[in-house]
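Student: Read in order, the letters of the sequence shown correspond to residues 1 to 261 in the working numbering.
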Amino acid sequence: MHQHIRKPWRAFLFYLLVGLLGILTLYPMLIDVLPDQLDTLGVESPLPIEALALASLVNPLLLLIVALIVGHFLSHRVGLHSFVYDKDRYGKPFLSRFISTLTFSIPLGILVGILILILDYAFQPFLPDVLHLTNNATFSFADVSQRLLYGGIVEELLLRFGLMTLLVFLLWKLFARKQTRPTAIIMWVSITLAALLFGLGHYSATALVTDVTPLIFIRMILLNGLGGMIYGFLFWKKGLESAMVAHMMTHVTFLVAILIT
Numbered sequence: 001m002h003q004h005i006r007k008p009w010r011a012f013l014f015y016l017l018v019g020l021l022g023i024l025t026l027y028p029m030l031i032d033v034l035p036d037q038l039d040t041l042g043v044e045s046p047l048p049i050e051a052l053a054l055a056s057l058v059n060p061l062l063l064l065i066v067a068l069i070v071g072h073f074l075s076h077r078v079g080l081h082s083f084v085y086d087k088d089r090y091g092k093p094f095l096s097r098f099i100s101t102l103t104f105s106i107p108l109g110i111l112v113g114i115l116i117l118i119l120d121y122a123f124q125p126f127l128p129d130v131l132h133l134t135n136n137a138t139f140s141f142a143d144v145s146q147r148l149l150y151g152g153i154v155e156e157l158l159l160r161f162g163l164m165t166l167l168v169f170l171l172w173k174l175f176a177r178k179q180t181r182p183t184a185i186i187m188w189v190s191i192t193l194a195a196l197l198f199g200l201g202h203y204s205a206t207a208l209v210t211d212v213t214p215l216i217f218i219r220m221i222l223l224n225g226l227g228g229m230i231y232g233f234l235f236w237k238k239g240l241e242s243a244m245v246a247h248m249m250t251h252v253t254f255l256v257a258i259l260i261t
């Protein structure tokens with residue numbers, strides 16, 4: 001008996017909407033940081049800051065659309081899955097399958113948060129003041145929304161559903177096309193590359209606030225790449241939404257640390 005398969009465009013539109021909401025959470029942050037960035041660069045904006053902030057959201061939106069297209073067409077072909085997509089494509093139950101993975105994703109996300117905080121604390125004596133933990137501690141509705149929606153959902157759509165899926169597909173076709181599915185080695189290489197690229201993606205933001213010394217570069221890659229390895233593993237073994245939950249719980253751990261310090 002053949003399983004009925006539908007074209008999962010409802011899942012695509014769902015994540016496009018959720019991703020758009022996540023991207024909009026960047027707006028308050030951009031309003032705050034753009035004036036300082038313009039001053040640092042010594043340029044004047046031809047647009048009001050509000051309009052410039054909105055224009056700055058176009059790039060992540062385009063990247064999100066590209067990532068969703070990649071994941072939409074390739075993820076199931078390489079053995080990666082999403083509970084939302086499985087529900088739309090195959091009619092598989094969402095809630096029960098999703099809940100069953102929480103015992104993995106929640107503690108792993110918290111563990112990642114604790115490990116990152118410990119590592120960052122170890123780096124503190126060697127960092128400039130601008131990178132000290134006390135200077136980066138913020139807790140507001142806008143900050144929480146950005147951490148959970150953009151960090152937890154949009155970044156997973158970009159880096160796991162889009163980038164990691166593409167890397168797995170390309171490496172599979174280049175090096176193991178005779179295999180019916182990508183090998184574990186290809187999965188781990190793709191997970192690692194996606195995590196490293198995410199770390200490198202923080203270079204510009206880091207360079208805006210301080211000189212990027214070898215130590216700061218290592219810290220940037222290590223702190224940002226560590227989570228990516230765990231989230232990529234969860235995407236591979238448990239599903240996209242499990243990676244999202246773990247990523248959110250990492251940020252929840254950071255928020256708890258802010259509250260108690």
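Built from N, CA and C at the ideal position, the CB exists for glycine as well.
As the structure is a prediction and not an experimental result, all values here were calculated from the model.
By how many angstroms is the C-alpha of Phe217 removed from the C-alpha of Gly199?
Tutor: Position 199 of the sequence shown, counted from the first residue, corresponds to residue 199. Position 217 of the sequence shown, counted from the first residue, corresponds to residue 217. Answer to the nearest angstrom: the Cα atoms are 9 Å apart.
Student: Rounded to a whole number of angstroms, what is the C-alpha to C-alpha distance between Met1 and His81?
Tutor: Residue 1 sits at position 1 when you count from the first residue of the sequence shown. Residue 81 sits at position 81 when you count from the first residue of the sequence shown. Only weak support exists for where Met1 lies, its pLDDT of 40 falling under 50; the value from the coordinates is given anyway. So the alpha carbons of these two residues sit roughly 22 Å apart.
Student: In angstroms, rounded to a whole number, what distance separates the CA positions of Val245 and Arg219?
Tutor: The sequence position of residue 245 within the sequence shown is 245, counting from 1. The sequence position of residue 219 within the sequence shown is 219, counting from 1. Cα-Cα distance, rounded: 24 Å.
Student: Return the chain-ordered ranges of every alpha helix (DSSP H) run that is complete within the stretch 142-199 and spans a minimum of 4 residues.
Tutor: Correct list: 165-175.
Student: What did DSSP end up calling Thr210 once you bin it into helix, strand or coil?
Tutor: Start at 1 with the first residue of the sequence shown, and residue 210 comes out as number 210. Thr210 carries a coil assignment under DSSP once its states are collapsed to helix, strand and coil.
Student: Would you mind sorting Trp9 into buried or exposed? The rule is 16 or more other CB atoms within 10 Å of its CB.
Tutor: Residue numbering aside, residue 9 sits at position 9 when the sequence shown is read from its first letter. Classification for Trp9: exposed.
Student: If I measure Cβ to Cβ from Ile114 and keep anything under 7 Å in the same chain, skipping five residues before and after, which residues do I get?
Tutor: As a working mapping, residue 114 is identified with position 114 in the sequence shown. A distance below 7 Å between beta-carbons, with the five flanking residues on each side excluded, links Ile114 to the following residues of its chain, in chain order: Thr253.
Student: Below 8 Å, can you find three or more Cβ-Cβ pairs linking the stretch 46-56 to the stretch 196-212?
Tutor: no
Student: Are at least three pairs of beta-carbons, each pair with one atom in the stretch 79-94 and one in the stretch 207-216, less than 8 Å apart?
Tutor: no
Student: Using the C-alpha atoms, what's the distance from Lys237 back to Leu95?
Tutor: By one-based count along the sequence shown, residue 95 stands at place 95. By one-based count along the sequence shown, residue 237 stands at place 237. Approximately 17 Å between the Cα atoms of the pair.
Student: Looking at the unbroken alpha helix (DSSP H) that takes in Gly71, where does it start and where does it end?
Tutor: As a working mapping, residue 71 is identified with position 71 in the sequence shown. It spans Val58 to Leu74 - the alpha helix (DSSP H) in which Gly71 sits, taken as one unbroken run.
Student: Given 8 Å as the limit, is there contact between the stretch 18-27 and the stretch 189-196, that is, 3 or more CB pairs closer than that?
Tutor: No contact exists between the stretch 18-27 and the stretch 189-196.
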